[in-house]
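All remarks here apply to the structure that follows.
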Amino acid sequence: MITLLLHVLRLFPFLCGGHRQLALENLALRHQLAVYKRTTTRPKLRTTDRLFWVWLARVWAEWRQPLVIVTPDTVLRWQRRRFREYWTQLSRRPTRGRPPIHAEIKALVLRMAAANPLWGAPRIHGELLKLGIAVAERTVSRLLPKRRTPPSQTWRTFLANHVRDLVSIDFFTVPTAQLRVLFVLVVLAHHRRRVVHFNVTEHPTAAWTAQQLVDAFPDDSAPSISCATVTRSTARSFGTE
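Just so we're on the same page, the numbering used here is the position in the sequence shown counted from 1, plus 82.
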């Protein structure tokens, strides 16, 4: 009742003036809106209703005064959300991707790859260009069937299978108290981590190194696989590099 009286007092100048019909219509609409607001706690608004109030807030400075159905903060929140959705849509990546490859081109690439196993994507791409078919080399590589090669064993598996036949040969230097440099050759068996042979010399040569290998594996007892680790500076010093 108090709200209705406030509306009547607000519209009193219009009732006494020349806008009596407009004032009475405004009063009737406000009363019906007040009754509707009492009966419905939260009215359901459509997108068009939100867009209308967002537009009205942009073109009318006093749009907050007649607003009753929602609060002004709600309209401002609609406006901010619409702003975010607009710029999100602009910054979104285009939904269209690469154009699809024609089935005839795909079949031709597969037929050329099957007839010429040694041809790769660059060669097939060049042949397609000669035929007047404009397609990227990357597309051709994606259309080619993947050749399945048998998996190779890892180094761990290789060492586990051949550990009994592996030896390592290493040269390293040892400085002495008399400022001399001695060269040490070590032959190590991996199976039991056993030193098969070692020797020390002050002047290593290729002949001396070959003789050490003969001494390390007499009577054809050398393993079938050898892993030699020789430093470059040491190998250059006695001419075996």
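We put the CB at the ideal spot given by N, CA and C, even for glycine. Given the structure is predicted, the values throughout are model-derived calculations rather than measurements.
Tell me the rounded alpha-carbon separation between residue i and residue j.
| i | j | result |
| --- | --- | --- |
| V296 | H272 | 19 Å |
| V141 | T121 | 31 Å |
| R274 | Q293 | 24 Å |
| L210 | A218 | 10 Å |
| I151 | R112 | 11 Å |
| L213 | P204 | 14 Å |
| T287 | A242 | 34 Å |
| V221 | G208 | Here residue 221 turns out to be Thr, not Val, going by the sequence shown. Distance between the alpha carbons of T221 and G208: 13 Å. |
| E284 | V249 | 24 Å |
| L127 | R180 | 41 Å |
| F280 | A289 | 16 Å |
| P125 | E144 | 23 Å |
| T313 | R229 | Here the model assigns T313 a pLDDT of 42, short of 50, so the residue's position is not dependable, and the following value carries that caveat. The straight-line gap from Cα to Cα measures roughly 40 Å. |
| L115 | R163 | 27 Å |
| A195 | E167 | 48 Å |
| R246 | P233 | 24 Å |
| L192 | L200 | 13 Å |
Identify whether residue i lies in helix, strand or coil by the three-state DSSP scheme.
| i | result |
| --- | --- |
| A216 | coil |
| L261 | coil |
| S269 | Just to set this straight, residue 269 is Val in the shown sequence, not Ser. Strand at V269. |
| I206 | helix |
| R146 | coil |
The alpha helix (DSSP H) spanning residue i covers which residue range?
| i | result |
| --- | --- |
| R238 | W237 to H244 |
| T231 | T231 -> no alpha helix (DSSP H), and no H or E assigned at all. |
Tell me whether residue i is buried or exposed, calling it buried when 16 or more other Cβ atoms sit within 10 Å of its Cβ.
| i | result |
| --- | --- |
| W135 | buried |
| W160 | buried |
| L267 | buried |
| R291 | In the sequence under discussion, the amino acid at residue 291 is Thr, which differs from the Arg named in the question. The residue is buried, with at least 16 neighbouring Cβ atoms inside 10 Å. |
| F253 | buried |
| V263 | exposed |
| A185 | exposed |
| L86 | Caution is warranted here: a pLDDT of 49 is assigned to L86, below 50, making its placement in the model unreliable, and the coordinate value is therefore given only provisionally. Exposed is the call here. |
| A298 | buried |
Tell me the residue span of the beta strand (DSSP E) that contains residue i.
| i | result |
| --- | --- |
| P300 | Run containing P300: none; DSSP gives neither H nor E here. |
| R276 | R276 to T283 |
By Cβ distance, which residues of its chain are closer than 6 Å to residue i, with the 5 residues on each side in sequence left out?
| i | result |
| --- | --- |
| V157 | W135 and A139 |
| V282 | L264 and V266 |
Any beta-carbon of chain D closer than 9 Å to the one on residue i?
| i | result |
| --- | --- |
| L133 | Judged by its chain identifiers, the structure shown contains no chain D, having just a single protein chain. |
CB-CB under 8 Å to residue i, same chain, minus the five flanking residues each way: which ones, in chain order?
| i | result |
| --- | --- |
| V278 | V249, V269, L270, A271, A298 and F299 |
Once the 5 residues before and after residue i are set aside, which same chain residues still bring their CB inside 7 Å of it?
| i | result |
| --- | --- |
| I187 | I215 and V217 |
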